[in-house]
Structures are given as structure tokens and as C-alpha cells.
Amino acid sequence: MTRSDLVEELAARFAQLTHRDAEYAVKTILDAMSDALVRGHRIEIRGFGSFTVNRRPPRIGRNPRSGESVQIPEKRVPHFKPGKALREAVDAKTALLDAEKHKRG
Numbered sequence: 318m319t320r321s322d323l324v325e326e327l328a329a330r331f332a333q334l335t336h337r338d339a340e341y342a343v344k345t346i347l348d349a350m351s352d353a354l355v356r357g358h359r360i361e362i363r364g365f366g367s368f369t370v371n372r373r374p375p376r377i378g379r380n381p382r383s384g385e386s387v388q389i390p391e392k393r394v395p396h397f398k399p400g401k402a403l404r405e406a407v408d409a410k411t412a413l414l415d416a417e418k419h420k421r422g
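Okay, so the sequence shown: first residue is 318 according to this note's numbering, each after it adds one.
Laid out in C-alpha cells, this is it:
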């Protein structure tokens, strides 16, 4: 699902929202989430999951072309951990889809 798909879904579910309002709502939520992660905060959405910032320590890597060692600096990267309800829903749905595939053949 893309950002525009999310806007379309929101506008379709809530008839009182114009397409522009739905687009603004999605942009506002995503911007707020991005800003919180940039500030180092944790985002938790019950039943969905949590977003955190993980630290990757500096390390030595290799240039695949030349084979020489390269120093890779420390990084901070966003990380998503799905909640229990989301994990179970995905597992149940994919198990159901797999069962249907095997029936067909």
C-alpha cells in the first residue's frame, strides 16, 4: 500500500472527508511520526505495533568492487516491531490464503 492508496482508503471510508482533507490527514500523521522518531521518541500504536530508533555501531565493511576495508560510521535507523494483534492477524490470513492455494492446486 502506498501513501496515495492510504489517502484513497481514508477518503472512501469517511464520506465526509474530501480527498484533500484525507491527504492532509495522512500527511499530518506521517509528519508527526517522522518528527517523533527524529527526536528519538518511541511511537506505540496499540494493536498495530511500535516504532523505535535503533543504533547501529560503527564497523568495518568491505568495498565489494575493490575488496578494500571501509570504515562505516555509527547510524541510527528506524525500526518497526509489529504488535501481537497484527502478527496474529497476518499469520491467520496468510495461513488461510495458503490453504486456498493448496486446494486449487
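Even glycine gets a Cβ: it sits at the ideal position worked out from N, Cα and C.
Exercise. Taking C-beta to C-beta, are Leu403 and Phe368 nearer than 7 Å?
Worked result: Walking along the sequence shown from the start, residue 403 turns up at place 86. Walking along the sequence shown from the start, residue 368 turns up at place 51. Taking 7 Å as the Cβ cut-off, Leu403 and Phe368 do not qualify as a contacting pair.
Problem set entry | Straight-line Cα distance separating Arg359 from Asp408 | Sequence index remark: in the sequence shown, residue 408 carries index 91 (1-based). Sequence index remark: in the sequence shown, residue 359 carries index 42 (1-based). Computed Cα separation, rounded: 25 Å.
Exercise. Shortest alpha-carbon distance to Asp338 belongs to which of Leu323, Met350, Ser351, Asp352?
Worked result: Position 21 of the sequence shown, counted from the first residue, corresponds to residue 338. Here the closest residue by C-alpha is Leu323.
Problem set entry | Supposed close pair Pro395, Leu354 - CB separation, criterion 8 Å | Looking up residue 395 in the sequence shown gives position 78. Looking up residue 354 in the sequence shown gives position 37. Pro395 to Leu354, Cβ: 5 Å. Contact.
Exercise. Buried or exposed: which applies to Ala328, given that a residue is buried once 16 or more other Cβ atoms fall within 10 Å of its Cβ?
Worked result: Here residue 328 corresponds to residue number 11 of the sequence shown, with the count starting at 1. Ala328 should be labelled buried.
Exercise. DSSP state of Ser351, grouped into three classes?
Worked result: As a first step, residue 351 must be located in the sequence shown, where it is residue number 34. In this structure, Ser351 counts as helix in the three-state DSSP scheme.
For this session: Measure the alpha-carbon distance for Val343 versus Lys392 and round it to whole angstroms.
Result: Sequence index remark: in the sequence shown, residue 343 carries index 26 (1-based). Sequence index remark: in the sequence shown, residue 392 carries index 75 (1-based). Cα-Cα distance, rounded: 28 Å.
Problem set entry | Euclidean distance between Cα positions of Glu405 and His419 | By one-based count along the sequence shown, residue 405 stands at place 88. By one-based count along the sequence shown, residue 419 stands at place 102. Cα to Cα, the separation comes out at about 21 Å.
Exercise. Which runs of the alpha helix (DSSP H), 4 residues or longer, sit entirely within the region 336-416?
Worked result: 336-355
For this session: Given a cut-off of 7 Å, decide if Val387 and Gly378 are closer than it, judged by their beta-carbon atoms.
Result: In the sequence shown, the residue the question calls residue 378 occupies position 61. In the sequence shown, the residue the question calls residue 387 occupies position 70. Yes, Cβ-Cβ distance for Gly378 and Val387 is below 7 Å.
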